[in-house]
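Novice: I have a structure here, written as structure tokens, and I will follow up with some questions on it.
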Amino acid sequence: MELTILVPLMNATFMPGLTPCADAETTRKRLRPALLAALALATVALAGCATKGPLHIYALPAGGERAIVDRGEIATLTQDSFLGPADRVTGFAYDPFTDHFFLRLAPGNAIRVVDRPARKIKREFEIAGADLGGHGGDLAVRPRDGHLFLIQPGRAELLQTSRLGKVIRTVSIAGAGSRFDGIAYDAVENHLLLLAEDRRRVTVHTPEGAFVRELRLAEPVGPGLGFDAEQREFYAPLPAGGIAVFGTDGRRLRTLDLPGAFVDVGPRSFVRVF
């Protein structure tokens, strides 16, 4: 009985109270789990978990200084492309994860990245091995990792790079000839879509270049190709003007009154990856 009473008394009398430093350490320990949880959520948000928004159609007209046309569900707007009179575009792609445009410029090794929300040039770089004497070629972006796939004109191959232009590998394309006038990426099936030299034949390939299948569009299009992976629809500029939309059976579904020598489509994400 005495022991039971004396122990608390001794503790209260002879044990020093918590110092300010010890008190602060206790507070930090209590806050640490909440802080770690918040950091984990932030990491997930920045690691590619983009929330899909409405589909937007982006068209880039031919010419020198011109804006990118942005057709959404409600309105059609314009976005500065930062192109000058001497710039010649050979390829155009949109990355919904970063909300960036990728413009491939002649002679084919120069890439300009435009940040759509910030309305400024994000970066510019050159890709070693992609300079082809002015012929250039189209390009596509794989949103999940930002890899670029660039047409190598006159060769049955693509150049695969990081979103910063570091060459990863050369992809040999099987069963599709040696000239392509457009390329798009199917984010649902993880396939590359290539528009052939006749601008009607579209071949489907794995990211390693293996042939999967093909289809024929109802009429010649391009150069350039876009693809809505959710609705399974192709977008391509028409020689006489406007943008045509085709189904996977090659039939023209509708025509959009948009001025565009190049076109790409993608959902407007609510969370971006920088």
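Numbering follows my numbering, in which position 160 of the sequence shown is assigned residue number 158; successive positions increment by one, without gaps.
From the three backbone atoms N, C-alpha and C, an ideal C-beta is built for every residue, glycine too.
If I follow the unbroken beta strand (DSSP E) through residue 170, where does it start and stop?
Specialist: Its beta strand (DSSP E) spans residues 165 to 170.
Novice: One question on the structure: do residue 66 and residue 263 come within less than 8 Å of each other, judged by their Cβ atoms?
Specialist: It is not a contact, given that the beta carbons lie outside the stated cut-off.
Novice: What's the gap between the Cα of residue 74 and the Cα of residue 239?
Specialist: Their backbone Cα atoms lie some 17 Å apart in a straight line.
Novice: First and last residue of the beta strand (DSSP E) that includes residue 121?
Specialist: First-last of the beta strand (DSSP E) with residue 121: 118 to 124.
Novice: Please state whether the Cβ-Cβ distance between residue 161 and residue 148 is less than 8 Å.
Specialist: No; because the gap between Cβ atoms is not below 8 Å, this pair is not in contact.
Novice: Taking all protein chains shown into account, do 16 or more other C-beta atoms lie within 10 angstroms of the C-beta of residue 79, making it buried, or fewer, making it exposed?
Specialist: Result: buried.
Novice: If you drop the 5 nearest sequence neighbours on each side, which residues of the same chain put their C-beta closer than 6 Å to that of residue 154?
Specialist: Answer for residue 154: 171 and 176, listed in chain order.
Novice: Where residue 108 and residue 122 are concerned, what is the direct C-alpha to C-alpha distance, given to the nearest angstrom?
Specialist: Their Cα atoms are separated by approximately 7 Å.
Novice: Just how far apart, CA to CA, sit residue 104 and residue 76?
Specialist: Residue 104 and residue 76: Cα-Cα distance of roughly 23 Å.
Novice: Opposite residue 263 in the DSSP bridges: which residues?
Specialist: In the DSSP output, where bridge partners are listed per residue, residue 263 has 55.
Novice: I'd like to know whether the C-beta of residue 70 is nearer than 8 Å to at least one C-beta of chain C.
Specialist: Judged by its chain identifiers, the structure shown contains no chain C, having just a single protein chain.
Novice: Which residues in the same chain have their Cβ closer than 7 Å to the Cβ of residue 242, if we skip the five residues on either side of it in sequence?
Specialist: Around residue 242: 219, 234, 236, 250 and 253.
Novice: Could you give the first and the last residue of the continuous beta strand (DSSP E) run that contains residue 150?
Specialist: Element bounds for residue 150: n/a, residue is neither H nor E.
Novice: Which of the three DSSP states, helix, strand or coil, is assigned to residue 80?
Specialist: In the structure shown, residue 80 sits in coil (DSSP, three-state: anything other than H, G, I, E or B).
Novice: Between the beta-carbon of residue 216 and the beta-carbon of residue 180, is there less than 8 Å?
Specialist: Result no, Cβ atoms of residue 216 and residue 180 do not sit closer than 8 Å.
Novice: Going by CA-CA distance only, name the one from 189, 126 and 191 that's closest to residue 167.
Specialist: If we check each option's Cα against that of residue 167, 126 comes out closest.
Novice: Is DSSP giving residue 235 helix, strand or coil here?
Specialist: It is a strand residue.
Novice: In angstroms, rounded to a whole number, what distance separates the CA positions of residue 63 and residue 52?
Specialist: Cα to Cα, residue 63 sits roughly 28 Å from residue 52.
Novice: Looking at the secondary structure, which residues open and close the beta strand (DSSP E) in which residue 158 lies?
Specialist: Element bounds for residue 158: 155 to 159.
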